[in-house]
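Number of protein chains: 2
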Amino acid sequence: MKYAFVCRRMVGFVLLLLAVGVLANSAEAGDPLPSWNEGAAKRSIIDFVNRVTQPNSPDFVAPEQRIATFDNDGTLWSEQPMYFQLFFAIDRVKAMVPMHPEWKDKQPFKAVLEGDFKTVLAGGEHALLELVMATHAGNSTEEFSQAVKDWLATAKHPKTGRPYTDMVYQPMLELLAYLRVNGFKSYIVSGGGIEFMRPWTEGVYGIPPEQVVGSSIKTKFEMRKGQPVLVRLPEVNFIDDKAGKPVGINQHIGRRPIAAFGNSDGDLQMLQWTAAGKGARYMLIVHHTDPEREWAYDRKSKIGHLDKALDEASNSGWTVVDMKKEWKVIYPFQLK
Amino acid sequence: MKYAFVCRRMVGFVLLLLAVGVLANSAEAGDPLPSWNEGAAKRSIIDFVNRVTQPNSPDFVAPEQRIATFDNDGTLWSEQPMYFQLFFAIDRVKAMVPMHPEWKDKQPFKAVLEGDFKTVLAGGEHALLELVMATHAGNSTEEFSQAVKDWLATAKHPKTGRPYTDMVYQPMLELLAYLRVNGFKSYIVSGGGIEFMRPWTEGVYGIPPEQVVGSSIKTKFEMRKGQPVLVRLPEVNFIDDKAGKPVGINQHIGRRPIAAFGNSDGDLQMLQWTAAGKGARYMLIVHHTDPEREWAYDRKSKIGHLDKALDEASNSGWTVVDMKKEWKVIYPFQLK
């Protein structure tokens, strides 16, 4: 009881500090989204945040309900010429081939080792799944996490020559930070591997592992030399894509987001699920329109295929970000 | 707009000050665990929290790593004469029988309707699973959540005549609050249904839905009359018990807890997984030793079976709480 009383006294004291602090600091605020050009997209984001956070707003949303979900590939970082996790899988094949000499004569591994990505992709989803299983399973969760970190520390993107984690979108980093200071809890909800993302999302995006939702393989608890480990099995557990995204959101978060951000038809159901909730909602699609600074692709692309969701955005009034027009810079390393 | 932005930034800053303030003032605070008798268990909790939170401590743990996991049934609320979720399933059978007249002649439903729980339990896990599937699936996630809330609003425990959510342990509520002000993020990790717990854990324990891990059935995204819904399917998705607990922890949290709290062999692997991490660790078992104020059971009980974990606690120096000796009160309604 005394404890609670002191706690309440502290709240009072701190509210006083708050008042003083606001007066002293109100001039420093500046633009929360400096890499966004002034335009409809930027205005719509700031309007939405004001509507749900200002206590007198009819659309006010309590802080614990301020859940935002972000796709990763093509929404927070680039995804061309193919998903970055596939580059990781390919490099793992090369690194693991001494333990798997049979791969030299077996597809899709043979094609990977020969750099023949046309053949790899011609194998379709089945070939990709086989690649992922062979390179992502068999080890413990901690060993896998270390393998991801080791790879990111040295691997370079074939076009930019930069580490993959340099190729995150500066405007989206600003958006994540802006939502964070406004009491939002932002989640990644990606078709990519949950354990592939978790080792680096906290450092790169400020999104901790418990706020990452993704595809997964099964794991099994085992004792190894008296030590408990979680072993990664070559068996799909969950595919967090398309209609799987609302399922993953419900499973991990248990609340419906009030804002969702994507870039492809793989995000359509997440956007629909978000839009269908009560109260103020915000749905945004990153449209890749910049062949010079990034890539330009939508309805005809296999990677980041954006067709139905683009139509629905237009019909339903979701925000579509024209990357070329609305983003001053793409990547943090382009900041002056 | 600028003002609101700064104001919100200040709130974040000031909440930080508040946290620091609470830490700095803990000497003034009084007893954070007033319902715990002075003794080894209480002392060990406070010692651990001090070790991991005091900045100069060699065992200091950064706030984002302060993850604690709690079993629910028998650890945060009672579980006798049977798991409370089973009472819910039974009441659902009664409520749903007009739509399922065939249940009057079909086990285990017939036995439930006749109040013959001996026959229900004799059917073993298979009968219980059939009951849960029949009563927990078929509706949408939102309908199910409402059904849980409606039930909790009226159902009474057969022994105490109290609402089930009154039968939470006051000492554990204090422990949850104590960990919260010390920067811990506490999760429920229960064999019970994740969607059965989420509607009420925030109000009762201060644990939000996204910090609840539990067993689940599969769900499916569907459009119903143009509105997206998640439909609950009669198919097991995940059993969050025994060796499933570390798997569920890894899946949902992606970090290893530094503290874990359980009461049965169903929690053994969660405790082992927690204990095996680096740095300071805390493992606690609630031992049901109080036949007068609660129940007394351990090695021979089917519900809350505690045998191997009790031995391992003794061998490994985990804290065992003798409920009768160490808790001044059991339930909040017993507070004077």
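For the protein sequence lines, the chains are A and B, in the order given.
Quick note on my numbering: the first sequence kicks off at 1461 and runs consecutively.
Quick note on my numbering: the second sequence kicks off at 1461 and runs consecutively.
Beta carbons: idealized from backbone N, C-alpha and C, even for Gly.
It should be emphasised that the depicted structure is a prediction, and the values quoted were computed from it without experimental measurement.
Going by beta carbons, residue 1537 of chain B and residue 1657 of chain B fall outside the 8 Å limit. By the neighbour-count criterion, in which a residue is buried when 16 or more other Cβ atoms sit within 10 angstroms of its Cβ, residue 1649 of chain B is buried. Using a Cβ distance threshold of 8 Å, residue 1711 of chain A and residue 1676 of chain B count as a contacting pair.
For the region 1698 to 1726 of chain A, the set of residues with a beta-carbon nearer than 7 Å to any beta-carbon of chain B comprises 1703, 1706, 1707, 1710, 1711, 1712, 1713, 1714 and 1715, in chain order. For residue 1529 of chain A against residue 1647 of chain A, the beta-carbon gap comes to about 5 Å, under 8 Å, which counts as contact. Residue range 1584 to 1596 is occupied by the alpha helix (DSSP H) that includes residue 1591 of chain B, with no beta strand (DSSP E) assigned at that position.
Proximity of the region 1590 to 1604 of chain B to the region 1550 to 1566 of chain B meets the contact definition, three or more beta-carbon pairs being nearer than 8 Å. Under the three-state reduction of DSSP, residue 1535 of chain A is assigned to coil, being neither helix nor strand. Within chain B, the residues whose beta carbon sits less than 8 Å from that of residue 1601 of chain A are 1710, listed in sequence order. Residue 1496 of chain B has B/1787 as its beta-bridge partners, per DSSP. The count of Cβ pairs closer than 8 Å, one atom from the region 1493 to 1501 of chain B and one from the region 1675 to 1693 of chain B, stays below three, leaving the stretches out of contact. Counted as a single uninterrupted DSSP element, the stretch harbouring residue 1712 of chain B is not any beta strand (DSSP E) but the alpha helix (DSSP H) occupying residues 1704 to 1712. Neighbourhood of residue 1669 of chain A in chain B, by CB distance below 8 Å: 1713, 1714 and 1715, in chain order. In this structure the region 1768 to 1783 of chain A touches the region 1743 to 1752 of chain A; the number of beta carbon pairs closer than 8 Å is three or more. If you draw a 10 Å sphere on the C-beta of residue 1502 of chain A, you find 16 or more other C-beta atoms in it, and that means buried.
The beta-carbon separation of residue 1769 of chain B and residue 1745 of chain B, rounded to 6 Å, stays under the 8 Å limit for a contact.
Taking the beta carbon of residue 1521 of chain A as reference, no residue of chain B falls within 9 Å; the closest one sits roughly 13 Å away.
Scanning the region 1695 to 1768 of chain B for uninterrupted alpha helix (DSSP H) segments of 4 residues or longer gives 1704 to 1712 and 1728 to 1735, listed from N- to C-terminal end. Counting along the chain, the unbroken alpha helix (DSSP H) around residue 1605 of chain B starts and ends at 1601 to 1614.
Close CB contacts of residue 1513 of chain A within its chain, under the 6 Å cut and outside five residues either way in sequence, are with 1642 (chain order).
For residue 1547 of chain B, DSSP assigns no beta-bridge partner whatsoever. Interface residue (Cβ-Cβ distance to chain A less than 8 Å): residue 1736 of chain B is classified as such.
Note on geometry: alpha-carbon atoms of residue 1492 of chain B and residue 1665 of chain B lie some 16 Å from one another. Residue A/1702 holds the alpha-carbon nearest to the alpha-carbon of residue 1651 of chain A among A/1584, A/1621 and A/1702. DSSP, reduced to helix, strand and coil, places residue 1639 of chain A within a helical segment of the structure shown.
Counting only residues of its own chain and dropping the five nearest sequence neighbours on each side, residue 1608 of chain A has a CB closer than 8 Å to the CB of 1548, 1655, 1656, 1659 and 1660.
Shown here for residue 1511 of chain B: same chain residues with a beta carbon closer than 6 Å to its own, the five before and five after excluded, namely 1517, 1519 and 1740 in chain order.
The bridge partners DSSP lists for residue 1524 of chain A come to none.
Apart from sequence neighbours up to five positions away, the residues of its chain that approach residue 1716 of chain A with a beta-carbon distance below 6 Å are 1737, ordered along the chain.
Rounded to the nearest angstrom, the gap between the Cα atoms of residue 1772 of chain B and residue 1707 of chain A is 38 Å.
The beta carbons of residue 1564 of chain B and residue 1572 of chain B sit about 11 Å from each other, so the pair does not count as a contact at 8 Å.
At a C-beta separation below 7 Å, residue 1732 of chain B has these neighbours in chain A: 1688. Interface criterion not met: the Cβ of residue 1772 of chain B is under 8 Å from no Cβ in chain A. Residue 1782 of chain A carries a strand assignment under DSSP once its states are collapsed to helix, strand and coil. Within the region 1497 to 1515 of chain A, contact with chain B at the beta-carbon level (separation under 8 Å) is assigned to 1506, 1510, 1513 and 1514. Between residue 1495 of chain B and chain A, the shortest Cβ-Cβ separation is not below 8 Å.
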